[in-house]
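Enquirer: Just dropping this structure here.
2 protein chains.
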Amino acid sequence: MKQEDKAPSGPGVGLVSSQDFHFGDSPEDVLHLDCGKTLRGVNIRYETYGTLNVDKSNAILVEHALTGDAHLAGYHSETDKKSGWWDPMVGPGRPFDTNKYFIICSNILGGCSGSTGPSSINPDTGKPYRMNFPVITIADMVRAQKRLIDHLGIKKLLTVVGGSMGGMLAVQWPILYPDAVRSVTPIATAIQITAQSIAFNWVGREAIMADPGWNHGNYTEQPQKGLAIARMLAHITYLSDESMSNKFGRELQSAEDYSFNFNMDFRVESYLNYQGSRFVERFDANSYLYITRAIDYFDVSDGTGGDYAKAFRDVKCPFLIVSFSSDWLFPEYQSRSLARILLENGNDVTLCNIKSGYGHDAFLLEYETLGRLITGFLINISQEVSS
Amino acid sequence: MKQEDKAPSGPGVGLVSSQDFHFGDSPEDVLHLDCGKTLRGVNIRYETYGTLNVDKSNAILVEHALTGDAHLAGYHSETDKKSGWWDPMVGPGRPFDTNKYFIICSNILGGCSGSTGPSSINPDTGKPYRMNFPVITIADMVRAQKRLIDHLGIKKLLTVVGGSMGGMLAVQWPILYPDAVRSVTPIATAIQITAQSIAFNWVGREAIMADPGWNHGNYTEQPQKGLAIARMLAHITYLSDESMSNKFGRELQSAEDYSFNFNMDFRVESYLNYQGSRFVERFDANSYLYITRAIDYFDVSDGTGGDYAKAFRDVKCPFLIVSFSSDWLFPEYQSRSLARILLENGNDVTLCNIKSGYGHDAFLLEYETLGRLITGFLINISQEVSS
Numbered sequence: 130m131k132q133e134d135k136a137p138s139g140p141g142v143g144l145v146s147s148q149d150f151h152f153g154d155s156p157e158d159v160l161h162l163d164c165g166k167t168l169r170g171v172n173i174r175y176e177t178y179g180t181l182n183v184d185k186s187n188a189i190l191v192e193h194a195l196t197g198d199a200h201l202a203g204y205h206s207e208t209d210k211k212s213g214w215w216d217p218m219v220g221p222g223r224p225f226d227t228n229k230y231f232i233i234c235s236n237i238l239g240g241c242s243g244s245t246g247p248s249s250i251n252p253d254t255g256k257p258y259r260m261n262f263p264v265i266t267i268a269d270m271v272r273a274q275k276r277l278i279d280h281l282g283i284k285k286l287l288t289v290v291g292g293s294m295g296g297m298l299a300v301q302w303p304i305l306y307p308d309a310v311r312s313v314t315p316i317a318t319a320i321q322i323t324a325q326s327i328a329f330n331w332v333g334r335e336a337i338m339a340d341p342g343w344n345h346g347n348y349t350e351q352p353q354k355g356l357a358i359a360r361m362l363a364h365i366t367y368l369s370d371e372s373m374s375n376k377f378g379r380e381l382q383s384a385e386d387y388s389f390n391f392n393m394d395f396r397v398e399s400y401l402n403y404q405g406s407r408f409v410e411r412f413d414a415n416s417y418l419y420i421t422r423a424i425d426y427f428d429v430s431d432g433t434g435g436d437y438a439k440a441f442r443d444v445k446c447p448f449l450i451v452s453f454s455s456d457w458l459f460p461e462y463q464s465r466s467l468a469r470i471l472l473e474n475g476n477d478v479t480l481c482n483i484k485s486g487y488g489h490d491a492f493l494l495e496y497e498t499l500g501r502l503i504t505g506f507l508i509n510i511s512q513e514v515s516s
Numbered sequence: 130m131k132q133e134d135k136a137p138s139g140p141g142v143g144l145v146s147s148q149d150f151h152f153g154d155s156p157e158d159v160l161h162l163d164c165g166k167t168l169r170g171v172n173i174r175y176e177t178y179g180t181l182n183v184d185k186s187n188a189i190l191v192e193h194a195l196t197g198d199a200h201l202a203g204y205h206s207e208t209d210k211k212s213g214w215w216d217p218m219v220g221p222g223r224p225f226d227t228n229k230y231f232i233i234c235s236n237i238l239g240g241c242s243g244s245t246g247p248s249s250i251n252p253d254t255g256k257p258y259r260m261n262f263p264v265i266t267i268a269d270m271v272r273a274q275k276r277l278i279d280h281l282g283i284k285k286l287l288t289v290v291g292g293s294m295g296g297m298l299a300v301q302w303p304i305l306y307p308d309a310v311r312s313v314t315p316i317a318t319a320i321q322i323t324a325q326s327i328a329f330n331w332v333g334r335e336a337i338m339a340d341p342g343w344n345h346g347n348y349t350e351q352p353q354k355g356l357a358i359a360r361m362l363a364h365i366t367y368l369s370d371e372s373m374s375n376k377f378g379r380e381l382q383s384a385e386d387y388s389f390n391f392n393m394d395f396r397v398e399s400y401l402n403y404q405g406s407r408f409v410e411r412f413d414a415n416s417y418l419y420i421t422r423a424i425d426y427f428d429v430s431d432g433t434g435g436d437y438a439k440a441f442r443d444v445k446c447p448f449l450i451v452s453f454s455s456d457w458l459f460p461e462y463q464s465r466s467l468a469r470i471l472l473e474n475g476n477d478v479t480l481c482n483i484k485s486g487y488g489h490d491a492f493l494l495e496y497e498t499l500g501r502l503i504t505g506f507l508i509n510i511s512q513e514v515s516s
């Protein structure tokens, strides 16, 4: 994660550690899913930063993107070289100011970084779920998070914020639990993805499932090639034509001329290859299948006959909606469309399209502009709470 | 190939048949390639439409795109259901008017539709070349075509025209043979592809080579899954966000609700799947590797130290350059950039960006607008010839 833009200010959160919240062991406590199935013995891995105030009104839930995790900020050990995925945004004096707010980030249901997902042990069999894991939805992920928030004793979140898929969870929150959020901050996201995005997800999953190493999900080692191909493809969609041209252009890898073979000639090929390999080391292939499917299925108008007004009927809180000009995976028009629906619904809406060449990844890079927007929005929301 | 736009006018060319031109059997006649190797015993499959006039001044060379072939127009038999790939553009009274012009289309070197390529028999071994086929370039393809044009006794082509990769060949022609073309008509193309396109090609090739069925190129049956994945991915880049939204949106395939599994739920998934399967039936996987590599390598400034003015120094003919507004694989700015270079070079340039929602595929769909532009351009060029 490059920090292209300088972090707003102040030191980070330092050393942090993850916690686990376990629920659903008794029949009354199981998690009911959209597909009609239930999950029992669910674990949710999470991290918190800052201190929950006495009236529990300063809690912010940060949602990670497709392949993110609960490690939002700080370091896990003194020798840890990699900070959490949105580190410049979290800490004393930073937009998610740990002097003011209690920040929570949890790994989503279906993930592979501590929360229950396809690689977890199925309590019914004592073996990993793999492809027996039920197909989950964004709403299911939010339902699991609600259990965590309840467990922490928080009645109302100051905001739910997230980029990309994280923004989908953020939007889903007030639809499921209108009384549990004071505001929503969807970033670089949409209330349903485009046919083009469904298509890219399809090709990625086909690449994973075409790898004989995938073995219908029953691999002992990751389906390396298929998963790398899925990641490389997705990675292209996270960047922009402009950022790829600026970063790589047609630069050759090392040779002075073309190799006249099919190895890596161009720097961009070697970069993608590296991204693919790294991903295989850290992300479970089956989780990738389940989470992209949840993204495909996400449509807040489901169950309303495509009626968005109806979907947001009970949602009365203010929204800060942010898009990025060169994001072609979640184009600006999708944020504008959400804003329009909410305005018609009577919500307070702040809509900002940040000019950036970084494409979809801008939400992980444009810290300064994004930070200022979020800082201001949170101050406003907090004042409403205390007044 | 959908004919979205009505064909300009007149009947088509009717029944046509392919011909073969063979060269390079003697050591002096072999084809010298950019990679330093040579090819002997080269076949070029081609078709012609219309009649070559006495002074041989009415010949037009049409270049096909990546997976195209020599079958530009008409039908191969009475029962043939599928016309040539640019049929509405070719025939009496059509833009490439067979009453006026002699139109040639040849399958490119490296292809798999009759011209010598990786699936052809290597005369040195008596076995298919497969991955022993030399890595070829767009210039090599043009060099092979020049032999055909010489064979047909044509000294100067009225125009060389093509879309996508075909446009690259068109641009390459006057650079290699400035005296052999009266005009050039590059459509939806570029004088070098972007880092993003190199990246997409890379992922496609990786998918093919990751398929165990590919077997280092030594397959007896096509690497079905890998090739289908490459095609599905490429197919997304040929459409546009807009055209995919209009054509598929989030429509489900047949079920009333989500299937909650990983089969095809959305219509766009089933469409892609169909495109992938069909492609495997008609296009050789190794050819796909070689041709995409040639596209990656294409850069008219190669050998000039990146100096485009130098590359076009000897090119004095007029150009008709056409781009399409929603084409994100070969964005309009690439056509504009070519036009600027040519204007500075002193060439007559007609540049037109056609407003279309069809994305890159627009060059195969926007017959009416494209047809009018080409008709006018050819009349002008022809008048220059006769005056």
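Top line first, the protein sequences correspond to chains A and B.
My numbering applies: residue 130 is where the first sequence begins, and numbers increase by one.
My numbering applies: residue 130 is where the second sequence begins, and numbers increase by one.
Don't be surprised by glycine CBs; every beta carbon is placed ideally from N, CA and C.
#1: List the residues of chain B that ASP428(A) touches, going by C-beta distances under 8 Å, in chain order.
#2: Relative to the alpha-carbon of ASP269(B), which residue among ASP436(B), GLY246(B) and VAL183(B) has its alpha-carbon at the smallest distance?
#3: Does DSSP put PHE506(B) in a helix, in a strand, or in coil?
#4: Are GLN325(B) and MET393(A) close, meaning C-beta to C-beta below 8 Å?
#5: Counting only Cβ-Cβ distances shorter than 7 Å, please list the residues of the stretch 305 to 333 of chain B near chain A, keeping chain order.
#6: Quick one, are the C-beta atoms of ALA359(B) and VAL451(B) less than 8 Å apart?
#7: Taking the straight line between their C-alpha atoms, what separation do you get for LEU381(A) and ASP386(B)?
#8: I need the DSSP call for LEU195(B), collapsed to helix, strand or coil.
#9: Might you give, ordered along the chain, the residues of its own chain that have their beta carbon closer than 7 Å to the beta carbon of CYS241(B), omitting 5 neighbours on each side?
#10: Compare the C-beta of ILE510(B) with all C-beta atoms of chain A and state if any pair is closer than 8 Å.
#11: So, using beta-carbon positions, are ARG174(B) and VAL159(B) closer together than 8 Å?
#12: Just confirm the distance between the C-beta atoms of PHE453(A) and PHE492(A), as a whole number of angstroms; I'd bet it's less than 8 Å.
#13: State the start and end residues of the unbroken alpha helix (DSSP H) segment that holds TYR417(B).
#14: Any idea what DSSP makes of TYR258(B), helix, strand or coil?
#15: Hey, how far is the Cα of GLU461(A) from the Cα of GLY486(A)?
#16: Looking at THR227(A) and ILE510(A), is the spacing between their C-beta atoms short of 8 Å?
#17: Just the C-alpha distance for GLU133(A) and GLU495(A), rounded to the nearest angstrom, thanks.
#18: Taking beta-carbon pairs under 8 Å, can you tell me which members of the stretch 445 to 472 of chain B lie near chain A?
#19: Pick helix, strand or coil for GLN519(A), following the three-state DSSP scheme.
#20: Would you report the Cα separation of ASP216(B) and LEU144(B), rounded to the nearest angstrom?
#21: If distances are taken between C-alpha atoms only, which option among ASN482(B), GLN148(B) and HIS489(B) comes closest to LEU502(B)?
#22: Just to confirm before moving on: does the CB-CB distance between HIS200(A) and GLY220(A) stay below 8 Å?
#23: Report yes if the CB atom of THR266(B) is closer than 8 Å to the CB atom of TYR426(B), and no otherwise.
#24: Run through DSSP, which three-state label would PRO156(A) get?
#25: With DSSP as the reference, please indicate the residues paired to HIS151(A) in a beta bridge.
#26: Among all the DSSP beta bridges, which residues are the ones paired with PHE231(A)?
#27: Any Cβ of chain A within less than 8 Å of the Cβ of SER212(B)?
#28: Mind pulling the chain A residues with CB within less than 8 Å of LEU401(B)?
#29: Go ahead and pull the three-state DSSP assignment for LYS220(A).
#30: Residues bridged to LEU480(A) by DSSP?
#31: Which of the three DSSP states, helix, strand or coil, is assigned to THR167(A)?
#32: Give the residues from the stretch 393 to 423 of chain B that approach chain A closer than 7 Å (Cβ to any Cβ), ordered along the chain.
#33: How many Å lie between PRO137(A) and GLU497(A) at the Cα?
#34: To the nearest angstrom, report how far apart GLN463(B) and LYS185(B) are at their CA atoms.
#35: Helix, strand or coil for ILE316(B)? Go by DSSP, reduced to three states.
#36: Near THR180(B), which residues of its chain fall below 7 Å by C-beta distance, leaving aside the five closest residues on each side in sequence?
Expert: With the structure as the only source:
#1: For the purposes of this step, residue 428(A) is taken as residue 299 along the first sequence, with counting starting at 1. Within 8 Å Cβ-Cβ: ARG379.
#2: Here residue 269(B) refers to the residue found at position 140 of the second sequence. Ranking ASP436(B), GLY246(B) and VAL183(B) by Cα distance to ASP269(B) puts GLY246(B) first.
#3: Here residue 506(B) corresponds to residue number 377 of the second sequence, with the count starting at 1. Note: PHE506(B) maps to helix in three-state DSSP.
#4: Start at 1 with the first residue of the second sequence, and residue 325(B) comes out as number 196. Start at 1 with the first residue of the first sequence, and residue 393(A) comes out as number 264. For GLN325(B) and MET393(A), no; Cβs fall outside 8 Å.
#5: Flagged, chain order: GLN321, THR323, ALA324, GLN325, ILE327, ALA328, PHE329, TRP331 and VAL332.
#6: Numbered from 1 along the second sequence, position 230 holds the residue referred to as residue 359(B). Numbered from 1 along the second sequence, position 322 holds the residue referred to as residue 451(B). Result no, Cβ atoms of ALA359(B) and VAL451(B) do not sit closer than 8 Å.
#7: Residue numbering aside, residue 381(A) sits at position 252 when the first sequence is read from its first letter. Residue numbering aside, residue 386(B) sits at position 257 when the second sequence is read from its first letter. Going from the Cα of LEU381(A) to the Cα of ASP386(B) covers about 48 Å.
#8: Stepping through the second sequence from its first residue, residue 195(B) is reached at position 66. LEU195(B): coil per DSSP, three-state reduction.
#9: Taking the second sequence and counting its residues from 1, the one referred to as residue 241(B) is at position 112. The answer, listed in chain order, is SER248, PHE412, ASP413 and SER416.
#10: To locate residue 510(B), count along the second sequence from 1; it is residue 381. Not an interface residue.
#11: As a working mapping, residue 174(B) is identified with position 45 in the second sequence. As a working mapping, residue 159(B) is identified with position 30 in the second sequence. Not a contact, by the Cβ cut-off of 8 Å.
#12: Counting from one through the first sequence, the residue named residue 453(A) turns up at place 324. Counting from one through the first sequence, the residue named residue 492(A) turns up at place 363. 7 Å between Cβ atoms; contact.
#13: The residue you call residue 417(B) lines up with position 288 of the second sequence. Its alpha helix (DSSP H) spans residues 414 to 426.
#14: Locating residue 258(B) in the second sequence gives position 129, where the first residue counts as 1. Residue state, collapsed to three classes: coil.
#15: The residue labelled residue 461(A) in the question sits at position 332 within the first sequence. The residue labelled residue 486(A) in the question sits at position 357 within the first sequence. Answer to the nearest angstrom: the Cα atoms are 13 Å apart.
#16: Indexing the first sequence from 1 puts residue 510(A) at position 381. Indexing the first sequence from 1 puts residue 227(A) at position 98. Cβ atoms of ILE510(A) and THR227(A): not closer than 8 Å.
#17: For this step, residue 133(A) is matched to residue 4 along the first sequence. For this step, residue 495(A) is matched to residue 366 along the first sequence. Residue placement at GLU133(A) cannot be trusted, given a pLDDT of 47 that sits under 50; what the coordinates show is reported in the next sentence. Going by the C-alpha atoms only, they are around 7 Å apart.
#18: TRP457 and PRO460
#19: In the structure displayed, chain A extends from 130 to 516; residue 519(A) sits before or after that span and is not available.
#20: Against the second sequence, residue 216(B) aligns to sequence position 87. Against the second sequence, residue 144(B) aligns to sequence position 15. Going by the C-alpha atoms only, they are around 12 Å apart.
#21: As a working mapping, residue 502(B) is identified with position 373 in the second sequence. Checking every option, the nearest Cα to that of LEU502(B) belongs to ASN482(B).
#22: If you number the first sequence from 1, residue 200(A) lands on position 71. If you number the first sequence from 1, residue 220(A) lands on position 91. Going by C-beta atoms, HIS200(A) is not nearer than 8 Å to GLY220(A).
#23: Translated into the one-based positions of the second sequence, residue 266(B) becomes position 137. Translated into the one-based positions of the second sequence, residue 426(B) becomes position 297. In this structure, TYR426(B) lies closer than 8 Å to THR266(B) by Cβ.
#24: What you label residue 156(A) is simply residue 27 of the first sequence in a count that begins at 1. It is helical.
#25: As a position in the first sequence, residue 151(A) is number 22, starting the count at 1. Paired residues: ASN172(A).
#26: Within the first sequence, the letter at position 102 stands for residue 231(A). Beta-bridge pairing links PHE231(A) to ALA188(A).
#27: Here residue 212(B) refers to the residue found at position 83 of the second sequence. With 8 Å as the cut-off, SER212(B) does not count as an interface residue toward chain A.
#28: Along the second sequence, read from residue 1 onward, the residue named residue 401(B) stands at position 272. Residues of chain A passing the Cβ test: ALA328, TRP331 and VAL332.
#29: The count along the first sequence starts at 1 and reaches residue 220(A) at position 91. The sequence shown places Gly at residue 220(A), rather than the Lys named in the question. It is a strand residue.
#30: By one-based count along the first sequence, residue 480(A) stands at place 351. Paired residues: ILE450(A).
#31: Indexing the first sequence from 1 puts residue 167(A) at position 38. Correct three-state label for THR167(A): strand.
#32: PHE395, VAL397, GLU398, LEU401, LEU418 and ARG422
#33: Against the first sequence, residue 137(A) aligns to sequence position 8. Against the first sequence, residue 497(A) aligns to sequence position 368. Caution is warranted here: a pLDDT of 49 is assigned to PRO137(A), below 50, making its placement in the model unreliable, and the coordinate value is therefore given only provisionally. Across the structure, PRO137(A) and GLU497(A) are spaced so that their CA atoms are roughly 6 Å apart.
#34: The residue labelled residue 463(B) in the question sits at position 334 within the second sequence. The residue labelled residue 185(B) in the question sits at position 56 within the second sequence. Taking the straight line joining both Cα atoms gives about 33 Å.
#35: Taking the first residue of the second sequence as 1, we reach residue 316(B) at position 187. DSSP places ILE316(B) in strand when its eight states are reduced to three.
#36: As a first step, residue 180(B) is located in the second sequence; it is residue number 51 there, counting from the start. In its chain, beyond the 5 residues on either side, PHE231 have a beta carbon closer than 7 Å to the beta carbon of THR180(B).
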